[in-house]
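Trainee:
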Amino acid sequence: MKKERTNKYITALVFTMTVFSFNIHAEVTEKSISLLSQQIVDHLSRDHDEFVLSEVIGSDIDKNEYLPIDLQIRPHSLIFENLSATERKQIKLLISQVLSPKGYLKLLTNLSIDNDLSKQSDRSTKHAIKFYGKPSTGSWGFKFEGYHLSLTFLLENHEFKFINFFIGQDIKMLNKTEFLPSALYNQEAQMGSDLMNGLSARQLGKTYLSMNAPNDIITNPKQSYRIQEKWGLPSKSLSKKQMPSFEYWVMQYLDLFNIQLIKRFIDEVKEHKFEELYFVWSGHLDISNKNFYYLIYNDRIIIEHSVRDNHIHSITRITF
Numbered sequence: 004m005k006k007e008r009t010n011k012y013i014t015a016l017v018f019t020m021t022v023f024s025f026n027i028h029a030e031v032t033e034k035s036i037s038l039l040s041q042q043i044v045d046h047l048s049r050d051h052d053e054f055v056l057s058e059v060i061g062s063d064i065d066k067n068e069y070l071p072i073d074l075q076i077r078p079h080s081l082i083f084e085n086l087s088a089t090e091r092k093q094i095k096l097l098i099s100q101v102l103s104p105k106g107y108l109k110l111l112t113n114l115s116i117d118n119d120l121s122k123q124s125d126r127s128t129k130h131a132i133k134f135y136g137k138p139s140t141g142s143w144g145f146k147f148e149g150y151h152l153s154l155t156f157l158l159e160n161h162e163f164k165f166i167n168f169f170i171g172q173d174i175k176m177l178n179k180t181e182f183l184p185s186a187l188y189n190q191e192a193q194m195g196s197d198l199m200n201g202l203s204a205r206q207l208g209k210t211y212l213s214m215n216a217p218n219d220i221i222t223n224p225k226q227s228y229r230i231q232e233k234w235g236l237p238s239k240s241l242s243k244k245q246m247p248s249f250e251y252w253v254m255q256y257l258d259l260f261n262i263q264l265i266k267r268f269i270d271e272v273k274e275h276k277f278e279e280l281y282f283v284w285s286g287h288l289d290i291s292n293k294n295f296y297y298l299i300y301n302d303r304i305i306i307e308h309s310v311r312d313n314h315i316h317s318i319t320r321i322t323f
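Residue 162 in this note's numbering sits at position 159 of the sequence shown; the count goes up by one each step and never skips.
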């Protein structure tokens with residue numbers, strides 16, 4: 004019965020999200036997304052005295068501080084749950100223009116999980132929206148974030164600058180809900196595990212860093228780890244048989260975003276045949292053992308996935 008309820012819920016979410024996204028993704032451009040954001044900003048400015056439009060230059064978004072800040076709320080943010088139904092709907096519309104149907108479903112599911120957990124514990128599950136710069140100027144951005152969720156989007160001079168999508172959960176808390184952690188957060192990890200188990204000893208020597216997974220994603224500003232240039236196995240070292248699996252693995256993360264926004268980036272990646280990427284792995288190769296970590300990166304993209312001590316953290320960052 005529990006599984007049946009979960010499947011019905013997911014099916015309903017998929018249906019709602021697919022119909023919703025089918026209409027709004029008809030044509031999403033810098034102009035259309037900026038226009039929608041300006042309408043939202045104008046509305047929030049008129050109806051909320053506490054709303055402040057933050058400057059881009061020198062701000063946390065300008066510094067690309069992409070992680071949620073624990074249980075705190077950034078200054079000048081509005082609590083999403085305190086907004087009207089119409090305001091929440093408009094913000095979801097904006098988010099759904101940045102994310103793909105797949106990415107949007109992940110975000111909605113995470114919001115639903117947080118709502119479930121808030122009924123079972125005293126943990127804060129509030130989310131916040133913050134805008135930077137005036138959308139009509141072409142240089143602006145927004146953050147939508149919570150305890151285990153962060154979506155950051157920035158434009159500069161009418162050009163997309165970067166998109167970051169961080170998502171995660173506390174597995175121990177997640178087990179109290181009807182959701183299965185592996186089904187929601189580790190689908191992509193299984194693809195990576197399968198690829199790793201098919202590497203040669205020489206390839207593993209380049210890719211596999213340690214039996215001990217890092218405590219968290221290593222690009223976390225609080226961590227001492229830093230990505231080293233040409234660290235790990237270059238994807239061009241993969242065989243013709245291995246490369247399709249690697250390409251599919253990477254595309255699972257790129258597919259989190261609206262294809263119209265990142266088409267140029269994807270075209271460039273495909274033009275180079277996915278050969279200008281590096282990847283590393285630490286911890287167990289069998290992801291059912293929980294503690295593992297992997298990183299796929301180059302100078303324009305970072306994909307990280309960390310499972311350690313009952314916490315799942317996953318982030319995809321694209322710089323245009």
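Even glycine gets a Cβ: it sits at the ideal position worked out from N, Cα and C.
Grab me the residues of Asn261's own chain with a C-beta within less than 7 Å of its C-beta, minus the 5 sequence neighbours each way, in chain order.
Mentor: Within the same chain, Asn261 has close Cβ partners His28, Val31, Gln100, Val101, Leu102, Ser103.
Trainee: Is there contact between the segment 277-294 and the segment 232-242, where contact requires at least three CB pairs shorter than 8 Å?
Mentor: With a cut-off of 8 Å, the segment 232-242 and the segment 277-294 count as touching, because enough Cβ pairs lie within range.
Trainee: Please name the residue, chosen from Asp302, Phe145, Lys164, Phe163, that lies closest to Thr155 on a Cα-to-Cα basis.
Mentor: Among Asp302, Phe145, Lys164, Phe163, the Cα nearest to that of Thr155 is on Phe145.
Trainee: Taking Asp173 as part of the beta strand (DSSP E), name the residues at either end of that continuous run.
Mentor: Start and end: 162-173.
Trainee: For Leu309, tell me which candidate among Asp302, Tyr296, Ile318 has the shortest Cα-Cα distance.
Mentor: Reading off the sequence shown, one finds Ser at residue 309, where the question assumed Leu. The shortest C-alpha separation from Ser309 is found at Tyr296.
Trainee: State whether the segment 312-321 contacts the segment 159-177, with contact taken as three or more CB pairs (one from each stretch) at a distance under 8 Å.
Mentor: With a cut-off of 8 Å, the segment 159-177 and the segment 312-321 count as touching, because enough Cβ pairs lie within range.
Trainee: Do Ile306 and Ile265 have their CB atoms nearer than 8 Å?
Mentor: Result no, Cβ atoms of Ile306 and Ile265 do not sit closer than 8 Å.
Trainee: Please confirm if Phe83 has its CB atom under 8 Å from at least one CB of chain C.
Mentor: Looking at the structure shown, chain C is missing, and only one protein chain is on hand.
Trainee: So what does Ala131 bridge to, in DSSP terms?
Mentor: The partner list for Ala131 (beta bridge, DSSP) reads Ile82, Glu148.
Trainee: With distances taken from CA atoms, which of Phe163, Thr140, Lys129, Asn160 is nearest Glu148?
Mentor: Taking only the C-alpha atoms, the option nearest Glu148 is Lys129.
Trainee: Whose C-beta lies closer than 7 Å to the C-beta of Phe54 among residues of the same chain, with five residues either side of it excluded?
Mentor: If we look at Phe54 and ignore the five residues flanking it on each side, its Cβ neighbours are Leu47, Ser48, Leu81.
Trainee: Under DSSP, the alpha helix (DSSP H) around Ile265 begins and ends at which residues?
Mentor: Segment 262-274, the alpha helix (DSSP H) holding Ile265.
Trainee: Which residue wins for smallest C-alpha separation from Thr180, given the options Asp117, Leu288, Glu271?
Mentor: When only C-alpha atoms are compared, the closest one is Asp117.
Trainee: Rounded to whole angstroms, what's the CA-CA distance from Leu212 to Phe249? Just pull it up for me.
Mentor: Leu212 and Phe249: Cα-Cα distance of roughly 18 Å.
Trainee: Going by the DSSP bridge assignment, what does Ile321 pair with across the sheet?
Mentor: Answer is Ile166, Ile304, bridged to Ile321.
Trainee: When we look at the beta-carbon of Met199 and count the other beta-carbons within 10 Å, is it buried (16 or more) or exposed?
Mentor: Label assigned to Met199: buried.
Trainee: In three-state DSSP terms, what is Val310?
Mentor: Strand, per DSSP.
Trainee: Less than 8 Å separating the beta-carbons of Arg311 and Ala192?
Mentor: It is not a contact, given that the beta carbons lie outside the stated cut-off.
Trainee: At the level of alpha carbons, what is the spacing between Asn10 and Asp197?
Mentor: Because the pLDDT at Asn10 is just 46, under 50, the model does not fix this residue reliably, and the value given afterwards should be weighed accordingly. When rounded, the distance between both Cα atoms is 26 Å.
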